[in-house]
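As they're listed, the protein sequences go chains P and F. Letter by letter, the first sequence follows residues 138 to 273 of the numbering used here. Letter by letter, the second sequence follows residues 445 to 809 of the numbering used here. Note sheet for the following structure.
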Amino acid sequence: MRWVLGAVGVVLLGRGVVELLPVVADSPLSLGGWLLGGPVLHDVLLAPLVGLGGTVLARVLPAPWRAPVGAGLVVSGVLVLLAVPYLWRAFSGPVTPGLHDRPYPAGLLVALTVVWTAVVVAGLARSRNTRPRRDG
Amino acid sequence: MRFRPPGEADFTSPAHGARVSARIGLWLGVAFGLCFATGLISHGIQHPPAWFTWPSRPVGLYRITQGVHVTSGVAAVPLLLAKLWSVYPKLFGRPLVRSVPHALERGSILVLIGASFFELLTGVFNVAQNYPWAFFFPTAHHAVAWIAAGALLVHVAVKLPVIRAALTRADHEEPATGVLSRRGFLLTTGAATGAAVLATVGGTVPWLRTASVLASRSATGVPVNRLASAAGVVAADSSWRLRVGDVEFSLDELRAMPQTTADLPIACVEGWSADATWTGVPVRDLLARAGLPAGSDLRVESLEGGGPYRSSTLPGTHSADPLTLLALRMNGEELTLDHGFPCRLIAPSRPGVLQTKWVSRLEVR
Numbered sequence: 138m139r140w141v142l143g144a145v146g147v148v149l150l151g152r153g154v155v156e157l158l159p160v161v162a163d164s165p166l167s168l169g170g171w172l173l174g175g176p177v178l179h180d181v182l183l184a185p186l187v188g189l190g191g192t193v194l195a196r197v198l199p200a201p202w203r204a205p206v207g208a209g210l211v212v213s214g215v216l217v218l219l220a221v222p223y224l225w226r227a228f229s230g231p232v233t234p235g236l237h238d239r240p241y242p243a244g245l246l247v248a249l250t251v252v253w254t255a256v257v258v259a260g261l262a263r264s265r266n267t268r269p270r271r272d273g
Numbered sequence: 445m446r447f448r449p450p451g452e453a454d455f456t457s458p459a460h461g462a463r464v465s466a467r468i469g470l471w472l473g474v475a476f477g478l479c480f481a482t483g484l485i486s487h488g489i490q491h492p493p494a495w496f497t498w499p500s501r502p503v504g505l506y507r508i509t510q511g512v513h514v515t516s517g518v519a520a521v522p523l524l525l526a527k528l529w530s531v532y533p534k535l536f537g538r539p540l541v542r543s544v545p546h547a548l549e550r551g552s553i554l555v556l557i558g559a560s561f562f563e564l565l566t567g568v569f570n571v572a573q574n575y576p577w578a579f580f581f582p583t584a585h586h587a588v589a590w591i592a593a594g595a596l597l598v599h600v601a602v603k604l605p606v607i608r609a610a611l612t613r614a615d616h617e618e619p620a621t622g623v624l625s626r627r628g629f630l631l632t633t634g635a636a637t638g639a640a641v642l643a644t645v646g647g648t649v650p651w652l653r654t655a656s657v658l659a660s661r662s663a664t665g666v667p668v669n670r671l672a673s674a675a676g677v678v679a680a681d682s683s684w685r686l687r688v689g690d691v692e693f694s695l696d697e698l699r700a701m702p703q704t705t706a707d708l709p710i711a712c713v714e715g716w717s718a719d720a721t722w723t724g725v726p727v728r729d730l731l732a733r734a735g736l737p738a739g740s741d742l743r744v745e746s747l748e749g750g751g752p753y754r755s756s757t758l759p760g761t762h763s764a765d766p767l768t769l770l771a772l773r774m775n776g777e778e779l780t781l782d783h784g785f786p787c788r789l790i791a792p793s794r795p796g797v798l799q800t801k802w803v804s805r806l807e808v809r
């Protein structure tokens, strides 16, 4: 079963490589950059930042606030990431009626406001729940 | 204090480890599976091999498959990041390479991660029609999809015992040593995935249009993907004729023929879709008038001078469908030039890029 799965995987992978060869010949640098850019940026930049941020937050924040703020940062980060293609449009075609014509910066701000309102509500609720136990 | 690079054991958070990564991996596998299957469908419709057919009903079928394609891809963004965080300590495992199989495994994981990021990033940029690269997007996105799928199967084959053990072992919660507990990390991943989907899916789900602040389309009517000015098309005058086989029709003759009105979505390969009410002449009536066989595969040509989308192929399944129209009107008004005046093709369950505008000619292939 595992060998069959692995063998099928190798065949599919090979098919993709063969199909990609003309692109490799055509624009090797651009393609290579986009293929390696994800893992490299993730491993040397994004993941260390997350680790460092988590370590600092765990030391600085009171316990009830850690999870809400951590979750809020993760959700915010994903939303900002998804907004990048709309906010940085140096390589995009013209905006046409009805397409890519939303107020993206304002929309992102609204979404982040909703997220951080939820963070504050969750943080306050958790603080209130933990306080009596600590006092008693 | 002397700096040293972290080791695998320095990552003490319960967000790392097989129990988290197997669960998130399962969700990510579902997202990738849906994305791959619907992507192949869309590719098949646009570049059909001889054995491939695609039904013209239900009319919204392509809208659904392509909506699933883009939405599952968006959902995979937070899932991939969470998956990688759950296994990040492995990157610092030493020795770097233990054996030949171990080296192959690490290599295959680099291929898998590179291909996965490539697919998600280029896909998300393509939805915004933003192209910060030098290659042709459809070719590269399609080829790397096969690489990602293959590398994923290899990865699952290698890890199957670990996955099975992690998913079947009784789950007991460990306290958070950092910001999030294991449960908290899984819930956060779910919340981020939900937020990503909610922020974008309104491009195709009408009642979420306002909520989806990062959707590709707005609420301003039926979107125009390609302006007449960008296509180099100017408004046709009274000398314009539609040529079907050897027969010519003037615009007035088309208007005088029996008209069909149908509600059909226009569904873009980039995942957005829009409902509209179209009025025009069924293509099969035009074929009958021109004495051409019903259900023929047709070549639909545009007034557009050049470019990859100046003509399209309309398969027999669609040319025989009574709802496949050469539309003259949209939502009760004559087509504007940007929507394809004097007439455009609109067929059920077909990618928007193949709904050729400014049609000048239909011929049997």
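Think of the CB as a built atom: it goes at the ideal place given N, C-alpha and C, for glycine as much as any other residue. What you are looking at is a predicted structure, and each value in this text was computed from that prediction instead of being measured.
Collapsed DSSP secondary structure at residue i in the structure displayed
| i | result |
| --- | --- |
| D729 (chain F) | helix |
| W722 (chain F) | strand |
| L216 (chain P) | helix |
| P795 (chain F) | strand |
| S457 (chain F) | coil |
| T254 (chain P) | helix |
| S543 (chain F) | coil |
| T800 (chain F) | coil |
| T233 (chain P) | strand |
| D272 (chain P) | Legend: pLDDT at D272 (chain P) = 47, less than 50; position of this residue unreliable, no value from coordinates given. |
Below-7 Å beta-carbon distance, residue i vs any chain F residue
| i | result |
| --- | --- |
| R139 (chain P) | yes |
| D272 (chain P) | Only weak support is given to the placement of D272 (chain P): the predicted model assigns it a pLDDT of 47, under 50, and the value that follows is read from those uncertain coordinates. False, the Cβ-Cβ gap to chain F never drops below 7 Å. |
| S264 (chain P) | no |
| A162 (chain P) | no |
| L182 (chain P) | no |
| S167 (chain P) | yes |
| W171 (chain P) | yes |
| G235 (chain P) | yes |
| L150 (chain P) | yes |
| P209 (chain P) | For clarity, residue 209 (chain P) is Gly in the given sequence; the question names Pro instead. False, the Cβ-Cβ gap to chain F never drops below 7 Å. |
| A276 (chain P) | Residue 276 (chain P) lies beyond the range of chain P shown here (138 to 273); nothing can be said about it. |
| R196 (chain P) | no |
| P222 (chain P) | yes |
| S229 (chain P) | yes |
| V177 (chain P) | no |
| L261 (chain P) | no |
is_contact[residue i, chain P] using C-beta, thresh 7 Å
| i | result |
| --- | --- |
| W684 (chain F) | no |
| L472 (chain F) | no |
| F785 (chain F) | no |
| T632 (chain F) | yes |
| T612 (chain F) | no |
| V668 (chain F) | yes |
| Q799 (chain F) | no |
| L671 (chain F) | yes |
| T583 (chain F) | yes |
| I591 (chain F) | yes |
| S662 (chain F) | yes |
Unbroken alpha helix (DSSP H) run spanning residue i, endpoints
| i | result |
| --- | --- |
| T632 (chain F) | R626 to T644 |
| S486 (chain F) | A462 to Q490 |
| S167 (chain P) | P165 to L178 |
| H586 (chain F) | F581 to T612 |
| T192 (chain P) | A184 to V197 |
Start and end residues, beta strand (DSSP E) containing residue i
| i | result |
| --- | --- |
| V503 (chain F) | That residue, V503 (chain F), is in no beta strand (DSSP E); it is neither H nor E in DSSP. |
| L806 (chain F) | V803 to V808 |
Own chain residues within Cβ distance below 8 Å of residue i, not counting five before or after
| i | result |
| --- | --- |
| S682 (chain F) | S694 and L695 |
Beta-carbon proximity list for residue i, same chain, < 6 Å, skipping 5 on both sides
| i | result |
| --- | --- |
| V810 (chain F) | The structure shown does not extend to residue 810 (chain F), since chain F is modelled only from 445 through 809, so no value can be given for it. |
| L658 (chain F) | A643 and T644 |
| L249 (chain P) | S213 |
| T705 (chain F) | T723 |
Close beta carbons around residue i, own chain, < 7 Å, minus the five adjacent residues each side
| i | result |
| --- | --- |
| G537 (chain F) | E452 |
| E748 (chain F) | A675, G676, V677, R754 and W802 |
| A220 (chain P) | Y241 and L245 |
Below-7 Å beta-carbon distance, residue i vs any chain A residue
| i | result |
| --- | --- |
| I557 (chain F) | You won't find chain A in this structure, because its protein chains are P and F. |
Report the start-end ranges of each alpha helix (DSSP H) in the region 735 to 793 of chain F that is 4 residues or longer and not cut off at the edges. 760 to 763
Inside the region 637 to 723 of chain F only - beta strand (DSSP E) runs reaching at least 3 residues: 686 to 688, 691 to 693 and 704 to 711
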